[in-house]
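Here is the structure we will look at, set down as structure tokens.
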């Protein structure tokens, strides 16, 4: 993927050196120019194939190389996936994301994936998948089936990447994003903070994303969820203010993108999440479970939305804010969320 110099290294570094409150003020101005600051895009992600992944991503409990106690599961049946999508829609999600722990999908898997996409679209939801590396022909088939978004995170800067992953090159990730763009699918791509990276690496990640010919429509910013058995489980926690700073800079550098709070929200208190929303985050993954770690309970999310005066973007059809929250709480209590997890992994 060819890079344009929309943001230089010096410009990006200057943002990381800006006093935090000034940075938040600028980010909020940018956010309000392009989005309704009270609207939050809500997505749900389902693990359609779990564990036994051949990759060596040091943060991921799905890797077959690490002993994390994760139970592996084969590709789910199409109707089981669609039932979960129906539950997600009833619970307030507007986008249904499906993730498989593969290095890349096999041709034999494509007909089932296409049926899942068509079924989700028939429910009136946006569809997203994260399946690993794609070929141009696979990207085209997913597009023809109706796929709206493809998630493929860069994770960190090009310079730090080989300290985290060796089984797939940075260029392979960029190539997949290029194939997705060429097929006409929207891009969801971001990274993970707390991998032991430097501030320069965080700046490098955001530059890669912002300097794409067309920045990703969706940018998930994840806080590392440390899982026992993975090589990164003993790293120190990232400072919440540094996480908030990175959210604000992502908003400034990619003003038209949805910036999503992804993995790690369970580790954040309400005040940290509120500051992330103030910094320009306007999308979350919703559900009680990440891949193998907890996400904030649905009711706690609803309570936080109420405290902050935020509204789920998909629930705006002739409903008051209170009616939205009551409906979502009732439906979520009836939902089977066994398989829900976060898009970061």
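Numbering (this note's numbering), first residue to last: 282 to 626.
Virtual Cβ for every residue (Gly too), placed ideally from N, Cα, C.
Taking only three categories from DSSP, how would you classify residue 409? Here residue 409 refers to the residue found at position 128 when the chain shown is read from its first residue. Strand at residue 409.
If we call anything under 7 Å between Cβ atoms a contact, is residue 500 one with residue 538? For the purposes of this step, residue 500 is taken as the residue at position 219 of the chain shown. For the purposes of this step, residue 538 is taken as the residue at position 257 of the chain shown. Note that the C-beta distance between residue 500 and residue 538 is below 7 Å.
Start-end ranges of the beta strand (DSSP E) lying completely within the region 383-462, minimum 3 residues: 407-411 and 430-432
Any beta carbon from chain C within less than 7 Å of residue 327's own beta carbon? Any reference to chain C falls outside this structure, which holds one protein chain only.
Please go through the region 492-547 and give each complete alpha helix (DSSP H) segment of 4 or more residues, from N-terminal end onward. 521-534
Which of the three DSSP states, helix, strand or coil, is assigned to residue 292? Residue numbering aside, residue 292 sits at position 11 when the chain shown is read from its first letter. In this structure, residue 292 counts as helix in the three-state DSSP scheme.
CB-CB under 7 Å to residue 440, same chain, minus the five flanking residues each way: which ones, in chain order? Within the chain shown, the letter at position 159 stands for residue 440. Counting only Cβ-Cβ distances below 7 Å, and skipping sequence neighbours, we find 482 and 485.
Report the rounded CA-to-CA distance for residue 339 versus residue 457, giving the unit in angstroms. For the purposes of this step, residue 339 is identified with residue 58 of the chain shown, where counting begins at 1. For the purposes of this step, residue 457 is identified with residue 176 of the chain shown, where counting begins at 1. Computed Cα separation, rounded: 21 Å.
CB-CB length for residue 497 against residue 490, believed under 8 Å: The residue given as residue 497 occupies position 216 in the chain shown. The residue given as residue 490 occupies position 209 in the chain shown. Yes, residue 497 and residue 490 are in contact; Cβ-Cβ is about 6 Å, under 8 Å.
Per DSSP, residue 588 forms a beta bridge with which residues? Here the question's residue 588 lines up with position 307 in the chain shown. Residue 588 pairs with nothing; no bridge assigned.
What did DSSP end up calling residue 370 once you bin it into helix, strand or coil? Taking the first residue of the chain shown as 1, we reach residue 370 at position 89. Helix, per DSSP.
DSSP-derived helix/strand/coil call for residue 353: Counting from one through the chain shown, the residue named residue 353 turns up at place 72. Residue 353 falls in the coil class under three-state DSSP.
Would you check if the distance between the CB atom of residue 308 and the CB atom of residue 560 is smaller than 7 Å? As a position in the chain shown, residue 308 is number 27, starting the count at 1. As a position in the chain shown, residue 560 is number 279, starting the count at 1. It is a contact, given that the beta carbons lie within the stated cut-off.
Buried versus exposed, by CB contacts within 10 Å (16 or more), residue 418: In the chain shown, residue 418 corresponds to position 137, counting from 1. So residue 418 ends up on the exposed side.
Burial state of residue 313 (16 or more Cβ within 10 Å): Against the chain shown, residue 313 aligns to sequence position 32. By the neighbour-count rule (16 or more Cβ atoms within 10 Å), residue 313 is not buried but exposed.
Can the beta-carbon of residue 451 be found closer than 7 Å to that of residue 420? Translated into the one-based positions of the chain shown, residue 451 becomes position 170. Translated into the one-based positions of the chain shown, residue 420 becomes position 139. Not in contact: residue 451 and residue 420 (Cβ atoms no closer than 7 Å).
For the beta strand (DSSP E) containing residue 381, name the first residue and the last one. Looking up residue 381 in the chain shown gives position 100. Taken as a continuous stretch (DSSP letters only), the beta strand (DSSP E) holding residue 381 covers 376-381.
Quickly, what does DSSP pair residue 581 with across the bridge? List them, please. As a working mapping, residue 581 is identified with position 300 in the chain shown. Bridge partners of residue 581: none, in fact.
Got a sec? Which residues, its chain only, sit under 6 Å from residue 398 by beta carbon, not counting five neighbours each side? One-based indexing of the chain shown puts residue 398 at position 117. Correct list, in chain order: 408, 426, 427 and 428.
Starting from residue 557 and walking both ways along the beta strand (DSSP E), at which residues does that stretch end? Residue 557 sits at position 276 when you count from the first residue of the chain shown. It is not in any beta strand (DSSP E) - residue 557 instead sits in the alpha helix (DSSP H) that spans 551-559.
Check residue 481 in the structure and name its three-state DSSP category. The sequence position of residue 481 within the chain shown is 200, counting from 1. The answer is helix: DSSP assigns residue 481 an H, G or I state.
Look at the alpha carbon of residue 401 and the alpha carbon of residue 379, and state the distance between them as a whole number of angstroms. By one-based count along the chain shown, residue 401 stands at place 120. By one-based count along the chain shown, residue 379 stands at place 98. The alpha-carbon atoms of residue 401 and residue 379 are separated by roughly 10 Å.
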